[in-house]
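For the sequence shown, my numbering assigns the number 150 to the initial residue and increments by one for each residue that follows.
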Amino acid sequence: MQDHSHLLAMNARSLAQQAAVRRATFSPQEVKTLRPFSIWEMSQFMFDVPADTIRKKLADDPSLPQGTTFEDGGRQRWYSLEEINEIRRRVRFRGKSLLPERPGGRAIRIAVSNFKGGVGKTVVAQHFANAAALDGYRVLVVDFDPQATMTHSMGLTEVREENTVWGIMCRDLCREADRIMASYDDPEECPYPSADELPRDVVAVGAHRVQDFIQPTCWPTIDIIPSCANAAFVEFASAQYRSLHKAWSFFGCVARYLDELPDDQYDMIIFDCPPAIGYQSLNAAFAADILYIPSGPGYWEYDSTTSFLGQLGDAMEDISTGFAQMAEESGLTLPKQFMDVRVLMTRFEPSNDLHVAMLGAFRNVFGADVCAHPIEMTRAVEQSGRFQMSVYEQDYRQMTRETWKRARLSFDQAYSEFRDTVLARWREVGQGSAARRAAQ
150 MQDHSHLLAM NARSLAQQAA VRRATFSPQE VKTLRPFSIW EMSQFMFDVP
200 ADTIRKKLAD DPSLPQGTTF EDGGRQRWYS LEEINEIRRR VRFRGKSLLP
250 ERPGGRAIRI AVSNFKGGVG KTVVAQHFAN AAALDGYRVL VVDFDPQATM
300 THSMGLTEVR EENTVWGIMC RDLCREADRI MASYDDPEEC PYPSADELPR
350 DVVAVGAHRV QDFIQPTCWP TIDIIPSCAN AAFVEFASAQ YRSLHKAWSF
400 FGCVARYLDE LPDDQYDMII FDCPPAIGYQ SLNAAFAADI LYIPSGPGYW
450 EYDSTTSFLG QLGDAMEDIS TGFAQMAEES GLTLPKQFMD VRVLMTRFEP
500 SNDLHVAMLG AFRNVFGADV CAHPIEMTRA VEQSGRFQMS VYEQDYRQMT
550 RETWKRARLS FDQAYSEFRD TVLARWREVG QGSAARRAAQ
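Have a look at this one:
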């Protein structure tokens, strides 16, 4: 017979193995670093400008970043992403800016969600975040998943529970408790507790400032609200807090939190959601402008995606029906509406007849909501999970250029479609923000 102590012992052995893997994967200091990029990459994949033209611009202006040469790299110069972004800001080619399109208003928010495990939610969220950063965008990633795979892939190994989404929910509960108490002329008449009457751990975390939950990553233009294994208790804790304060609109915590961030702090906010319908995934849904649903090419993934759509829809309908007045008083609008819903097939093999048939079935059922470009299963995709490194982080010097280009082609196509979708909806967000400002 084996009790909880056996599980804890297994956990300890696994954590030790994780540490060994990270030491082998990251730098000797156990800090993940982002590799530099060549002028060829800048030319082909970032600026769409001939390499010789870039070299001439850099030679003509010595004040621009000049890159770094390495002993084993010949005369080739390599540039950090910070240097590339400085070039992007300062240089124009034929009068054209290298900065990406940034509609006005706050950052656009995208949730990557499905409760089927193994469909590539984290892989998709990570690659979209990396590709957006290489495109010149500032990205905030929110890791809702207690497996914390996204957090680890971004180079964070030590995370305190209070700095996760659980902390944001505690902070929101305290703020909402005091707001609701203040809405009564006589506080004694309020049937709900004030923040001071909540559990001590909630009150302690509730004092955090809005920026305290955001941490830098190995990518200079990607920040993260991380997760950790111990954050798995957030579902139990949230249910407890909900019973303590029945007027708390628990599903709006993250939306209210993100509304506090300056509009221009980030361009995109990407949520990596857990494989479940719970307090965290509902918070992601109610905060998101766009919902991306990855799904594998098998029948069981299709079946699970169908169930996910039904259960998420039911949960959102129940909240819209039962919490309408409560949500309005807390600054939320119900029913929740997504600006777009996209279904993205992952782990796709174009030579597999079953996969091709399933993609056709997805398109037959979900129509235009299915992305045109699926994520193909390649050796590079497999390695990205094994080494906690995206295709964009992999160095083409470790393989032939053509192999590397083929590896990232699928992600490039999927990201290009993602960016077009995001920009179209982002312009609508910017127009809405402008209209609100004019009304004020």
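Positions of the beta carbon are idealized from the N, C-alpha and C atoms, including for glycine. Because the structure is a prediction, the values reported are computed rather than measured.
{"Asked": "Spatial neighbours of F472 in its chain, beta-carbon cut-off 8 Å, leaving aside the 5 residues before and after", "Found": "S398, F400, L483"}
{"Asked": "Three-way DSSP call (helix, strand, coil) for M538 in this model", "Found": "coil"}
{"Asked": "Unbroken beta strand (DSSP E) run spanning S387, endpoints", "Found": "Taken as a continuous stretch (DSSP letters only), S387 belongs to no beta strand (DSSP E), being part of the alpha helix (DSSP H) at 383–393."}
{"Asked": "C-beta contact flag for M488 and R574 at 8 Å", "Found": "yes"}
{"Asked": "Distance between H276 and M299 (C-alpha atoms, nearest Å)", "Found": "10 Å"}
{"Asked": "With 16 other Cβ atoms within 10 Å as the buried cut-off, status of F497", "Found": "buried"}
{"Asked": "Which of helix, strand or coil DSSP assigns to H416", "Found": "First, the residue type needs correcting, since residue 416 is Asp and not His in the sequence shown. Correct three-state label for D416: coil."}
{"Asked": "Beta-carbon proximity check, R309 vs L407, cutoff 8 Å", "Found": "no"}
{"Asked": "Beta-carbon gap between Y415 and L322 smaller than 8 Å", "Found": "no"}
{"Asked": "For D421, the residue or residues it bridges with in DSSP", "Found": "V261, D292"}
{"Asked": "Those residues which DSSP pairs with D334 across a bridge", "Found": "Paired residue(s): none; D334 is not in a bridge."}
{"Asked": "Burial state of Y333, where buried means 16 or more other Cβ atoms lie within 10 Å", "Found": "exposed"}
{"Asked": "Backbone CA spacing between A521 and A256 [nearest angstrom]", "Found": "25 Å"}
{"Asked": "Anticipated Cβ contact below 8 Å, D327 with A344, distance rounded", "Found": "5 Å"}
{"Asked": "Cα-Cα separation between R184 and R546, rounded to whole angstroms", "Found": "11 Å"}
{"Asked": "Separation of L207 from P591, as counted between CA atoms", "Found": "In the structure displayed, the chain extends from 150 to 589; residue 591 sits before or after that span and is not available."}
{"Asked": "Outcome for Y448 when other beta-carbon atoms lying within 10 angstroms are tallied against a minimum of 16", "Found": "exposed"}
{"Asked": "Contacting residues, own chain, Cβ-Cβ under 6 Å from E409 (five flanking each side not counted)", "Found": "V359"}
{"Asked": "Simplified DSSP state of A573, which is helix, strand or coil", "Found": "helix"}
{"Asked": "8 Å CB neighbourhood of T218 in its chain, flanking five on each side removed", "Found": "R224, Q225, R226, W227"}
{"Asked": "Unbroken stretches of the alpha helix (DSSP H), 4 residues or longer, contained in the segment 474–514", "Found": "none"}
{"Asked": "Beta-carbon gap between V290 and D421 smaller than 8 Å", "Found": "yes"}
{"Asked": "Reference S430, options D452, M417, L458, closest by Cα", "Found": "L458"}
{"Asked": "Nearest neighbour of D284, chosen from T495, E311, P369, R320 [CA to CA]", "Found": "P369"}
{"Asked": "Simplified DSSP state of E551, which is helix, strand or coil", "Found": "helix"}
{"Asked": "Euclidean distance between Cα positions of D518 and E466", "Found": "21 Å"}
{"Asked": "8 Å contact criterion, which I426 and F264 should meet: CB distance rounded", "Found": "6 Å"}
{"Asked": "N-terminal and C-terminal residue of the beta strand (DSSP E) that D372 is part of", "Found": "371–374"}
{"Asked": "Cβ-Cβ distance between K395 and Y341 below 8 Å", "Found": "yes"}
{"Asked": "Contact belief for I203 with F196 at Cβ below 8 Å, rounded distance in angstroms", "Found": "7 Å"}
{"Asked": "Cα-Cα separation, W553 to S392", "Found": "53 Å"}
{"Asked": "Rounded separation between H504 and S444 - CA only", "Found": "12 Å"}
{"Asked": "Rounded C-alpha distance that separates Q364 from I374", "Found": "6 Å"}
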